[in-house]
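Student: Attaching a single structure in structure tokens format; questions to follow.
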Amino acid sequence: MDKSKIFDISIDNITKEEAVNMAVSRIEADIFTIVVTPNAEIIKKCIDDENVKKAITSAHMILPDGDGTLWAAKELGVPLKEKVAGVEFGKNLIKEAAKKGFKLFLLGGKPGVAEKAAENLKKEYPNLSICGFSDGYFGKSGIESDKMIKKINDSKADILYVCLGAPAQEIWVHENREKLSSVKLVACLGGSLDIYAGTVKRAPALFVKLKLEWFWRLLKQPTRIGRMMNIPKFMIYVKKYKKQMKKESRGIANES
Ligand code: UDP
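The numbering of the sequence shown is my numbering, which starts it at 526 and goes up by one.
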């Protein structure tokens, strides 16, 4: 698989279509797969927190979500074909799951959200098999977590969507991956169930086109401001890193 490195994270240089095709072929070949979709906020967390970095980099598919990720790739001169938003990837894979008969378990969101998402998705894709759902407010370790794993295993799901917010969802999946017995593909998809349920609206097309999806999320959820401060911090980090790289390559050129 073609990868592009942003700091220590090897991100898949892949289109939306290629991402779904790859996910489907891995499910069909019964190759256990974890999918994560890091945006700038998460990449910044990987720089600051070794545990987050381990959870993200141990995934099998690392999709470039967020305009910040694409911007950083451009700044650092590494190729990324296009943005692969988790919410869109999730929807495209559901379309294929409905055709191929893969069973899906939805985990996350406030009580009622996963159920409403399941109801909406079934309306849109009547052939889709949703074998279970649960809200995301359970203990992320110990008995409650093990009970949740048992519920997922008993459902015999092929695909599991984990929507607990980043990076909690990636860490929970990383810590529990060995316990998942039937699941072939786990996708960590943040607030996607809220979008499928209709409790949160995705940014209008114009915001997406103008690369202002982050601004829409901030308008809708002003409490995100704290965590979103990671975006300018990430941009400063990228700029400094680029400057350092230039300085070092000039140094090497002068030596030779
Ligand atoms: N959430 C959850 N369990 C928790 C904390 C959060 O299921 O313990 C859900 C929350 O209800 C929301 C999602 O996780 O549906 C986080 O959405 P957000 O848009 O913040 O995703 P992110 O940007 O972190 O990927």
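Cβ coordinates follow ideal geometry from the N, Cα and C atoms, glycine included. Here the structure is a predicted model, which is why all the values come from computation and not from measurement.
Find the nearest neighbour of A639 within the set W697, C688, F532, judged by alpha-carbon distance.
Tutor: Closest by alpha carbon: C688.
Student: Taking just the CA atoms, how far does I668 sit from K736?
Tutor: 42 Å
Student: Under 8 Å, do T798 and E607 count as touching if we go by C-beta distance?
Tutor: A query on residue 798 cannot be resolved here, the shown segment of the chain reaching from 526 to 781 and no further.
Student: Can you tell me which of the three DSSP states Y686 falls into?
Tutor: strand
Student: Going by DSSP, which residues form a beta bridge with C713?
Tutor: V687
Student: Counting only the same chain and skipping the five closest in sequence on each side, list residues whose C-beta sits under 7 Å from that of S583.
Tutor: Apart from sequence neighbours up to five positions away, the residues of its chain that approach S583 with a beta-carbon distance below 7 Å are H699, ordered along the chain.
Student: Short check: CB of L653 to CB of I619, under 8 Å?
Tutor: yes
Student: Using a threshold of 8 Å, state whether the C-beta atoms of L485 and C656 are closer than that.
Tutor: Residue 485 lies beyond the range of the chain shown here (526 to 781); nothing can be said about it.
Student: Distance, Cα to Cα, K570 vs N755?
Tutor: 8 Å
Student: Helix, strand or coil: how does DSSP classify K670 here?
Tutor: The question names Lys, but residue 670 in the sequence shown is Ser. S670 falls in the helix class under three-state DSSP.
Student: Cutting at 6 Å between CB atoms, please list the residues of its own chain near P604, excluding the five before and the five after it.
Tutor: S529, N538
Student: CB-CB under 8 Å to W697, same chain, minus the five flanking residues each way: which ones, in chain order?
Tutor: K665, S670, V687, L689
Student: Tell me the rounded alpha-carbon separation between A598 and K648.
Tutor: Roughly 38 Å separates the two Cα atoms.
Student: Would you check if the distance between the CB atom of A548 and the CB atom of T558 is smaller than 8 Å?
Tutor: yes
Student: Quick check: what's the CA-CA separation for E600 versus K767?
Tutor: Rounded to the nearest whole angstrom, the CA to CA distance from E600 to K767 is 7 Å.
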